[in-house]
Amino acid sequence: MKFLELNKKRHATKRFNEKPVDPKDVRTAIEIATLAPSAHNSQPWKFVVVRERNEEVANIAFGSNQDQIKSAPVTIALFTDTDLAQRARKIARIGGANNFSEEQLQFYMQNLPAEYSHYDDQQKSDYLALNAGLVTMNLVLALTDQGIGSNIILGYDKSKINEVLEIDERFRSELLITVGYTDDKLEPSYRLPVDEIIEKR
Ligand SMILES: Cc1cc2nc3c(=O)[nH]c(=O)nc-3n(C[C@H](O)[C@H](O)[C@H](O)COP(=O)(O)O)c2cc1C
Numbered sequence: 006m007k008f009l010e011l012n013k014k015r016h017a018t019k020r021f022n023e024k025p026v027d028p029k030d031v032r033t034a035i036e037i038a039t040l041a042p043s044a045h046n047s048q049p050w051k052f053v054v055v056r057e058r059n060e061e062v063a064n065i066a067f068g069s070n071q072d073q074i075k076s077a078p079v080t081i082a083l084f085t086d087t088d089l090a091q092r093a094r095k096i097a098r099i100g101g102a103n104n105f106s107e108e109q110l111q112f113y114m115q116n117l118p119a120e121y122s123h124y125d126d127q128q129k130s131d132y133l134a135l136n137a138g139l140v141t142m143n144l145v146l147a148l149t150d151q152g153i154g155s156n157i158i159l160g161y162d163k164s165k166i167n168e169v170l171e172i173d174e175r176f177r178s179e180l181l182i183t184v185g186y187t188d189d190k191l192e193p194s195y196r197l198p199v200d201e202i203i204e205k206r
C-alpha cells in the first residue's frame with residue numbers, strides 16, 4: 006500500500022466487531038513495528054499482548070476508554086525498559102550471538118551503559134517516551150496495512166497496569182493499543198492546515 010493511502014486508511018477505531026484477530030497477524034505487526042528507529046538502536050520496548058486479561062485492563066481505563074477496551078479482542082500494552090544499561094547488554098548478548106563486531110559489543114556493553122548513567126530522570130523519561138511513540142506509530146500503520154483497526158489509549162491508570170498484567174516494575178507502562186476489526190465507517194478527523202504548523206528561518 007502506498008504511504009499516503011496507508012495513512013488515510015488509519016483512523017482511531019473505537020468500536021470493534023466480534024471478528025477475532027489472528028495471533029500471527031499481531032506478531033507480524035509487532036515485528037514490522039520494531040523496524041522503527043530508536044535512539045542508540047536501544048529498542049527499549051516490550052509489547053504485552055492482552056487477550057485473557059482484557060477485561061481487567063478495561064477496568065483500570067478512564068471513561069469511555071473502558072468500553073473501547075472491552076470491545077477489542079486484543080489490547081497491546083506497550084512498556085519501556087527503565088533499566089537502559091541492562092537493555093543495552095541484552096542487545097549485546099543476543100546480537101553478539103549473531104556475530105556483532107568487537108566495536109559493537111563494546112558500544113552496548115560499556116559505552117552505552119556509561120552514557121545512561123549520566124541521565125537524570127527527565128532525560129530518561131523523554132528518551133523512553135519518544136522511542137515508545139515511534140514504535141507505536143509504526144505498529145498502528147502495520148496493523149492498518151493488514152486491514153486491522155486500532156486505537157492508541159493514554160487514558161488509564163498507569164500505576165495499576167503492572168500489577169494487573171504481572172509485569173515487573175522495571176518496565177514502565179507507556180500506552181495501550183486496542184486492536185480489532187470494525188464495521189464502523191470511519192471518517193478522517195480534522196488536521197490543521199500545513200502552513201499553520203510550518204515556520205521557516
Ligand atoms: C498519544 C495518544 C493518546 C491517545 N489517547 C486516547 C484515549 O485515551 N482515548 C481515546 O479514545 N483516544 C485516544 N487517542 C486517539 C486520538 O483521540 C485520535 O488519534 C485523534 O483524535 C485523531 O484521530 P484519528 O486517529 O482518527 O486521526 C490517543 C491518541 C494518541 C496519539
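Its first residue numbered 6, the sequence shown is counted upward by one per residue in my numbering. Glycine residues also receive a C-beta, built at the ideal position from the N, C-alpha and C atoms.
Roughly how many whole angstroms lie between the Cα atoms of residue i and residue j?
i           : j           : result
residue 119 : residue 24  : 48 angstroms
residue 149 : residue 11  : 7 angstroms
residue 50  : residue 26  : 22 angstroms
residue 112 : residue 154 : 39 angstroms
residue 178 : residue 167 : 7 angstroms
residue 57  : residue 128 : 35 angstroms
residue 13  : residue 193 : 7 angstroms
residue 187 : residue 28  : 17 angstroms
residue 126 : residue 201 : 33 angstroms
Within 10 Å of its beta-carbon, does residue i have 16 or more other beta-carbons around it, so buried, or fewer, so exposed?
i           : result
residue 131 : exposed
residue 199 : exposed
residue 5   : Outside the shown range of the chain, which is 6 to 206, sits residue 5, and nothing can be said about it.
residue 41  : buried
residue 92  : buried
residue 86  : buried
residue 82  : buried
Per DSSP, residue i is paired with what?
i          : result
residue 86 : 176
residue 80 : 55 and 183
residue 66 : 161
residue 17 : 155
Assuming residue i and residue j form a contact by the criterion Cβ under 8 angstroms, report the distance between their Cβ atoms to the nearest whole angstrom.
i           : j           : result
residue 74  : residue 181 : 7 angstroms
residue 172 : residue 53  : 6 angstroms
residue 139 : residue 47  : Their Cβ separation, rounded to whole angstroms, is 12 angstroms, which puts residue 139 and residue 47 out of contact at 8 angstroms.
residue 37  : residue 137 : Contact flag wrong, Cβ pair sits at about 16 angstroms.
residue 90  : residue 121 : 5 angstroms
How far does the beta strand (DSSP E) with residue i in it reach, from first residue to last?
i           : result
residue 156 : 154 to 158
By the DSSP assignment, the alpha helix (DSSP H) with residue i in it spans what residues?
i           : result
residue 8   : 8 to 14
residue 54  : Here residue 54 belongs to no alpha helix (DSSP H); instead the beta strand (DSSP E) covers 50 to 55.
residue 120 : 117 to 121
residue 23  : Run containing residue 23: none; DSSP gives neither H nor E here.
residue 136 : 126 to 150
residue 191 : First-last for residue 191: undefined, no H or E at that position.
residue 204 : No alpha helix (DSSP H) contains residue 204, which DSSP labels as neither H nor E.
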